[in-house]
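Engineer:
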Amino acid sequence: MQPLSFRIEKKVAGALTRAGSILTAHGKINTPAFIPVGTKATIKSLTPEQVKNTGAQALLVNTYHLYLQPGDELIRDAGGLHKFMNWEGPIMADSGGFQVFSLGAAYGLKLSKIGQFGRSDLPSKSDLGKELSKVVSQADPNPPFLERADEALLPRLAKIGEDGVSFKSHLDGSVHFITPEKSIEIQHNFGADIIFAFDECTSPAEDLRYQREALERTHRWALRSLEHHRSLIRANKRIDVPALFGIVQGGRHEDLRKKSATIISGMNFDGFGIGGSFAKEDMSNAVKWVNEILPEDKPRHLLGIGEPEDLFTGVLNGVDLFDCVAPTRNARNGTLYTAQGKINITNAQFTKDFSPIESGCECYTCKNYTRSYLSHLFRGKEMLAGTLATIHNLFFILHLVGKMRQVILEDNFFDFREDFLKNYVRE
RNA sequence: GCGUCGGUGGCGGAGUGGACAAUCGCACUUGGCUGUAAACCAAGCGCCCAUCGGGCUUCGGGGGUUCGAAUCCCUCCCGACGCA
Numbered sequence: 079m080q081p082l083s084f085r086i087e088k089k090v091a092g093a094l095t096r097a098g099s100i101l102t103a104h105g106k107i108n109t110p111a112f113i114p115v116g117t118k119a120t121i122k123s124l125t126p127e128q129v130k131n132t133g134a135q136a137l138l139v140n141t142y143h144l145y146l147q148p149g150d151e152l153i154r155d156a157g158g159l160h161k162f163m164n165w166e167g168p169i170m171a172d173s174g175g176f177q178v179f180s181l182g183a184a185y186g187l188k189l190s191k192i193g194q195f196g197r198s199d200l201p202s203k204s205d206l207g208k209e210l211s212k213v214v215s216q217a218d219p220n221p222p223f224l225e226r227a228d229e230a231l232l233p234r235l236a237k238i239g240e241d242g243v244s245f246k247s248h249l250d251g252s253v254h255f256i257t258p259e260k261s262i263e264i265q266h267n268f269g270a271d272i273i274f275a276f277d278e279c280t281s282p283a284e285d286l287r288y289q290r291e292a293l294e295r296t297h298r299w300a301l302r303s304l305e306h307h308r309s310l311i312r313a314n315k316r317i318d319v320p321a322l323f324g325i326v327q328g329g330r331h332e333d334l335r336k337k338s339a340t341i342i343s344g345m346n347f348d349g350f351g352i353g354g355s356f357a358k359e360d361m362s363n364a365v366k367w368v369n370e371i372l373p374e375d376k377p378r379h380l381l382g383i384g385e386p387e388d389l390f391t392g393v394l395n396g397v398d399l400f401d402c403v404a405p406t407r408n409a410r411n412g413t414l415y416t417a418q419g420k421i422n423i424t425n426a427q428f429t430k431d432f433s434p435i436e437s438g439c440e441c442y443t444c445k446n447y448t449r450s451y452l453s454h455l456f457r458g459k460e461m462l463a464g465t466l467a468t469i470h471n472l473f474f475i476l477h478l479v480g481k482m483r484q485v486i487l488e489d490n491f492f493d494f495r496e497d498f499l500k501n502y503v504r505e
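The first sequence: position 383 = 461 (my numbering), numbered continuously.
(1) In this structure, how does DSSP classify H379 when only helix, strand and coil are distinguished?
(2) Going by DSSP, what residue range makes up the alpha helix (DSSP H) through A313?
(3) In the DSSP assignment, the beta strand (DSSP E) including H470 goes from what residue to what residue?
(4) In the DSSP assignment, find the unbroken beta strand (DSSP E) run with S99 in it and report its ends.
(5) Kindly list the residues whose CB is nearer than 7 Å to the CB of C402, restricted to its own chain and excluding five residues on each side of it in sequence; keep chain order.
(6) Between which two residues does the beta strand (DSSP E) holding Y415 run?
(7) Let me check understanding here. Comparing Cα to Cα, which of L137, G98, A111 lies closest to H104?
(8) Answer with buried or exposed for H248, where buried requires no fewer than 16 other C-beta atoms within 10 angstroms of its C-beta.
(9) Excluding the 5 residues preceding and the 5 following H477 in the sequence, name in chain order all residues of the same chain whose CB lies nearer than 7 Å to its CB.
(10) Is D401 helix, strand or coil when you go by DSSP?
(11) Give the secondary structure of D228 by DSSP, where H, G and I count as helix, E and B as strand, and everything else as coil.
(12) Which one or two residues does DSSP pair with R449 in a beta bridge?
(13) Would you list the residues sitting across from S211 in a DSSP beta bridge?
(14) Taking 6 Å as the limit between beta carbons, can you name the residues of its chain near T125, skipping five residues before and five after?
(15) Mind checking whether F456 and T424 have CB atoms under 9 Å apart?
(16) Closest to D360 by CA distance: which of I121, K212, L101 is it?
(17) Check V503 in the structure and name its three-state DSSP category.
(18) Sorted by chain position, which residues of the same chain lie with C-beta nearer than 7 Å to L159's C-beta, five sequence neighbours on each side aside?
(19) Excluding the 5 residues preceding and the 5 following V393 in the sequence, name in chain order all residues of the same chain whose CB lies nearer than 7 Å to its CB.
(20) Let me check one thing: in DSSP terms, what residues is H254 bridge-paired to?
(21) Taking just the CA atoms, how far does G92 sit from I352?
(22) Please classify M540 as buried or exposed, where buried requires at least 16 other C-beta atoms within 10 Å of its C-beta.
(23) Among the residues of its own chain, which have a CB less than 7 Å from the CB of T429, if the five just before and after it don't count?
(24) Mind the definition here: the region 323–333 touches the region 274–282 only if three or more C-beta pairs lie below 8 Å; say whether that holds.
(25) Using a threshold of 9 Å, state whether the C-beta atoms of T391 and V365 are closer than that.
(26) Quick one: what does DSSP say G353 is sitting in, helix, strand or coil?
(27) What does the alpha-carbon distance come out to for the pair E460 and H307?
(28) Check each candidate in L82, R290, R504, K337 and name the one with the smallest Cα separation from K358.
(29) According to the Cβ coordinates, are S338 and H297 closer than 9 Å?
(30) So is R312 buried or exposed if we call it buried at 16+ other beta carbons inside 10 Å?
(31) Using only the alpha-carbon positions, how far apart do K237 and G251 sit?
(32) Buried or exposed for L399, please, with buried defined as at least 16 other CB atoms from any protein chain shown within 10 angstroms of its CB.
(33) Going by alpha carbons, who is nearest to A409 out of A283, C439, K122, E259?
(34) Count the other CB atoms, across all protein chains shown, that sit within 10 Å of the CB of I264; report buried if there are 16 or more and exposed otherwise.
(35) From the DSSP output, in three-state form, read off S343 for me.
(36) Roughly how many angstroms lie between the CA atoms of G98 and E374, to the nearest whole one?
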């Protein structure tokens, strides 16, 4: 009857850290776990077999993108996502809540162009783009915070209302109104194992007043998501029902994070997502505040986080699941992970470097190819470049988190963390 | 040998008397990327100092006209095509 069972296998004394396992209808996920992102029902540049060979236990897909193309009903009619995309393991679906941010507050007039347009001028395509990141740096002397007054000039693709969010499709310009109920219906049609409540991922640029207002709306949407989820289960009589995770928001504010964790905890979700944006420096606290309140016996997913140092922060503070586009997107853009930090394989120094990306790495790419060859593929814009780089980056991150699980079980998490971070150079 | 067209920064290719150190591509160099509108985006790319900026030498070579030349004239060199 339970859509999912979660078992804690080991807890680290003196921390929120734990290792466990989640059992879904499509198999088990050993935690902590990193879940690669396959937004449009594909891990870009890899076949499912290749994804599996990197060590992935589960995948995460996106509601917004698949709803627009090819459509959630088509996926349902195809026999569900697992069959449609040929992935037998667990599948998670994000609710579209992140697109409220990425197509809303984060997207619009490039900051460098602000002030160059009067009301009558229309910005050109090159003046538009993504300017805000989910994770901002507190150290940045010029944080990319927009004045709210500029909003009238910004042609945003997502507009937030009380009942839901109006999206202007990036594919054909058509307008789609996504409510919490609609998001849940779409995710049910996918046949995903774990789905998320529809939320608003707020911009780090928003002030406290707005964060509070958005948080309350997200809480109302959480309840609506949960109620609709239950009514769909009652109506459909499916054997395999998806697990629904509620999402905690609250930005960087302690009182909001704690309030959100308390309220979402009270709604009887199957697990929890920790969402939103914050300064990188605030991440540790934000996660800790939340996880000290969330029920211990349910899984916690830190949404959209995946840089090595952040994965340690999450695990240290009680996170079980992560998803992030960083390893896959970085790979396609030539940034590769090594134990010493990230390298940009397109740099001139690697053209004649006949060593593997990382010596000792057991991934397919490192066992068979050199940095020089990768450099050549990237410079030649060959498709195989993205494939080999993605295989390495996913393997690196998946095995890093896998190792975290192992050392938790072996009571050696802190030493491992210290050793890794000592060698891993950020920036 | 004669004629025609043409020689611009690593390459392609604009410009055809002042706003040109020279549009734009490509290549090259370096950044960035955290629930993916991203196999993407940004910056730099003659030399020197440099914060804004300033100075110097450039458009096949040489000479000339002009206040001013990549742009006009003469000449030489080189290339393509045509005629001998």
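Glycine included, every Cβ here is placed at the ideal spot set by N, Cα and C.
Structural biologist: Reading from the atomic positions:
(1) DSSP places H379 in strand when its eight states are reduced to three.
(2) Its alpha helix (DSSP H) spans residues 286–314.
(3) Counting along the chain, no beta strand (DSSP E) covers H470; the unbroken alpha helix (DSSP H) around it starts and ends at 461–487.
(4) Bounds of the beta strand (DSSP E) holding S99 are 96–102.
(5) Excluding residues within five positions, the ones whose Cβ falls inside 7 Å are V115, G382, I383, G384.
(6) Counted as a single uninterrupted DSSP element, the beta strand (DSSP E) harbouring Y415 occupies residues 413–416.
(7) For H104, the nearest C-alpha among the options comes from L137.
(8) By the 10 Å Cβ count, H248 comes out exposed.
(9) Only G133 meet the Cβ criterion.
(10) In the structure shown, the three-state DSSP call for D401 is strand.
(11) Low confidence applies here, because D228 scores a pLDDT of 44, under 50, leaving its location unreliable; read the following figure in that light. In the structure shown, D228 sits in a helix (DSSP, three-state: H, G or I).
(12) The partner list for R449 (beta bridge, DSSP) is empty, contrary to what the question assumes.
(13) Its beta-bridge partners do not exist; DSSP assigns none.
(14) Closer than 6 Å at Cβ, skipping near neighbours: no residue.
(15) Yes, Cβ-Cβ distance for F456 and T424 is below 9 Å.
(16) Among I121, K212, L101, the Cα nearest to that of D360 belongs to K212.
(17) The answer is strand: DSSP assigns V503 an E or B state.
(18) Excluding residues up to 5 positions away in sequence, A119, V139, I153, I169, F268, G269, A270 lie with their Cβ nearer than 7 Å to the Cβ of L159 in the same chain.
(19) Cβ within range, chain order: T95, P110, M482.
(20) F245, per the DSSP bridge assignment.
(21) C-alpha separation (whole angstroms): 22 Å.
(22) Residue 540 is absent from the model: the chain starts at 79 and stops at 505.
(23) Within the same chain, S450, S453 come within 7 Å of T429 by CB-CB distance, once the 5 residues on both sides are set aside.
(24) The region 323–333 makes contact with the region 274–282, as at least three CB pairs between them are under 8 Å.
(25) Contact: yes.
(26) Judged by DSSP in its simplified three-state form, G353 adopts coil rather than helix or strand.
(27) When rounded, the separation of the alpha-carbon atoms in E460 and H307 is 44 Å.
(28) Minimum Cα distance to K358 is reached at R504.
(29) In contact: S338 and H297 (Cβ atoms closer than 9 Å).
(30) Exposed.
(31) So the two alpha carbons sit approximately 14 Å from each other.
(32) L399 should be labelled buried.
(33) The candidate whose alpha carbon is nearest that of A409 is K122.
(34) The residue is buried, with at least 16 neighbouring Cβ atoms inside 10 Å.
(35) Three-state DSSP puts S343 in a helix.
(36) Looking at the two C-alpha atoms, the distance is approximately 11 Å.
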